[in-house]
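**Student:** What follows is a single structure, and I will ask about it in a moment.
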Amino acid sequence: MPEGHSIRRLADVFVRDLAGQELRAGSPQGRFAEGAALVDGTVLRRAEAHGKQMFLGFAGGRWVRVHLGLYGKWVFGTGEPPEPRGAIRLRLQGPGADGEGVWADLRGPTACEVVTTAEKEAVRARLGPDPLRRDGDGGVFAERVARSRVAVGALLMDQAVVAGVGNVYRAEALFRARTDPYARGVDVGHERALTMWDDLVVLLHDGVRRGSIVTTAPADRPEGHRRGRVRREDAHYVYKRTGQPCRWCGTPVLTAEMVARNLYWCPVCQAGLPEVGTLPPAPPAASRRTRTAATSRLPLLTG
DNA sequence: TTGGGATGTCGAT
DNA sequence: TCGACCTCCCAAT
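Here the first sequence is numbered in our numbering, starting from 19 and rising by one per residue.
Right, here's the structure in full:
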């Protein structure tokens with residue numbers, strides 16, 4: 019799932035397996051032939067992720083900017099790369115750490131282009147803070163939310179407000195914050211937004227670690243499935259759970275379109291805004307039906 | 001086996 | 001506002 023956590027993992031793979039090597043670059047499909055020629059034969063210096071954008075930094079000051087979009091994909095391998103099958107926009111090949119060869123194939127991206135450092139920074143300047151980056155500033159996020167009359171469910175999808183959040187994290191972060199997706203940013207306010215940011219930092223880092231999005235606390239998963247691998251059907255509170263009972267209150271989960279994407283939420287648990295000050299970014303880990311909002315706490319994502 | 005939807009932009013109209 | 005991207009997964013047949 020290419021939300022921010024996936025892109026960070028991909029950048030990490032490039033750093034680990036291809037950085038420091040002189041790479042061959044080509045476009046078997048042909049659509050990126052000119053761009054590939056610009057970096058062909060140069061050393062990959064770094065790989066950087068900001069939100070859903072990835073930048074591969076080559077010697078000579080050139081960057082390859084890649085945005086996977088909905089179904090773009092990188093495939094990695096060692097040894098000789100296979101005969102190109104289908105549309106491979108970009109193929110990178112290097113000697114690999116042991117000289118056996120390492121390769122990376124890019125398919126179906128929304129964006130793939132060679133840019134200068136200045137152009138790369140211009141792209142980054144248009145993005146909001148990234149909860150996965152050390153330079154990600156939750157204050158900037160909170161400021162942008164608190165100044166806006168747009169619905170918070172739309173703001174979370176706006177990459178100029180927060181970079182790296184997609185449709186899954188949007189739905190799940192709103193649920194964990196017990197926040198009505200239709201509440202205006204100005205009504206959510208700075209303090210609640212900061213708490214939501216802190217939860218996004220936790221969720222996205224957990225996503226990087228796992229390689230998938232899991233937002234439920236173990237106590238909110240069915241008995242017998244609270245330890246070990248998290249099943250797909252237990253991973254989320256509301257995302258793609260239309261009509262199924264809310265894990266807290268049993269009310270059927272609703273869906274509606276917001277910013278041209280399907281939004282999922284519990285109309286009872288997310289009926290308004292949580293009290294400021296007592297706000298946990300998350301549901302109680304257990305016995306929620308007998309607890310009040312003020313005594314709930316951050317769910318642990320382990321297990 | 002077929003078909004529709006999706007984790008997301010991006011550019012043309 | 002709509003199609004492109006042209007992949008993957010799952011449900012329906």
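Think of the CB as a built atom: it goes at the ideal place given N, C-alpha and C, for glycine as much as any other residue.
In whole angstroms, give me the CA-to-CA distance for Ala160 and Arg64.
**Tutor:** Distance between the alpha carbons of Ala160 and Arg64 is about 30 Å.
**Student:** For Arg162, I'd like the list of residues in its chain whose CB is within less than 6 Å of its CB, leaving aside the five on either flank, ordered along the chain.
**Tutor:** Closer than 6 Å at the Cβ level, and outside the excluded window around Arg162, lie Val179.
**Student:** Just to confirm my understanding: we take Gln262, look at its own chain, exclude 5 residues before and 5 after, and list those with CB closer than 6 Å. What are they?
**Tutor:** Result list for Gln262: Val271, in chain order.
**Student:** Leu74 to Leu36, Cα distance in whole Å?
**Tutor:** Going by the C-alpha atoms only, they are around 10 Å apart.
**Student:** Since Phe193 and Val248 are thought to touch, with beta carbons under 8 Å apart, how far apart are those beta carbons, to the nearest angstrom?
**Tutor:** Wrong, their Cβ atoms sit about 16 Å apart, outside the cutoff.
**Student:** DSSP puts Asn280 in a beta bridge; with which residues?
**Tutor:** Glu275.
**Student:** Helix, strand or coil: which one does DSSP assign to His23?
**Tutor:** If DSSP states are grouped into helix, strand and coil, His23 belongs with the helices.
**Student:** Identify which residue in Ala105, Trp266, Thr260 has its Cα closest to the Cα of Pro240.
**Tutor:** Closest by alpha carbon: Trp266.
**Student:** Are the CB atoms of Arg228 and Pro236 nearer to each other than 7 Å?
**Tutor:** For Arg228 and Pro236, no; Cβs fall outside 7 Å.
**Student:** Does DSSP put Phe32 in a helix, a strand or coil?
**Tutor:** The answer is helix: DSSP assigns Phe32 an H, G or I state.
**Student:** If I'm right that Pro99 touches Gln111 with Cβ under 8 Å, what's the distance once you round it to whole angstroms?
**Tutor:** Confirmed, about 6 Å.
**Student:** At what residue ranges does the segment 82-144 contain a whole run of the alpha helix (DSSP H), taking only runs of 4 or more?
**Tutor:** Counting only runs of 4 or more, we get 135-143.
**Student:** What does Arg80 pair with, by DSSP beta-bridge criteria?
**Tutor:** DSSP output for Arg80 lists Phe76, Thr134 as bridge partner(s).
**Student:** Below 6 Å CB to CB, which residues in the same chain sit around Pro102 once its five sequence neighbours on both sides are set aside?
**Tutor:** Excluding positions up to five away in sequence, the list reads Pro46.
**Student:** Could you tell me the boundaries of the beta strand (DSSP E) in which Leu41 lies?
**Tutor:** Here the beta strand (DSSP E) through Leu41 covers 40-44.
**Student:** Taking just the CA atoms, how far does Arg259 sit from Asp252?
**Tutor:** Approximately 10 Å, taken between the alpha carbons.
**Student:** Closest by CA to Arg80, which one among Trp92, Lys91, Gly59?
**Tutor:** The shortest Cα separation from Arg80 among Trp92, Lys91, Gly59 belongs to Gly59.
**Student:** Please determine, among Leu41, Arg107, Leu222, Gly87, the residue with the shortest C-alpha to C-alpha distance to Arg27.
**Tutor:** Answer by Cα proximity: Leu222.
**Student:** Would you check if the distance between the CB atom of Phe76 and the CB atom of Val57 is smaller than 7 Å?
**Tutor:** Result yes, Cβ atoms of Phe76 and Val57 sit closer than 7 Å.
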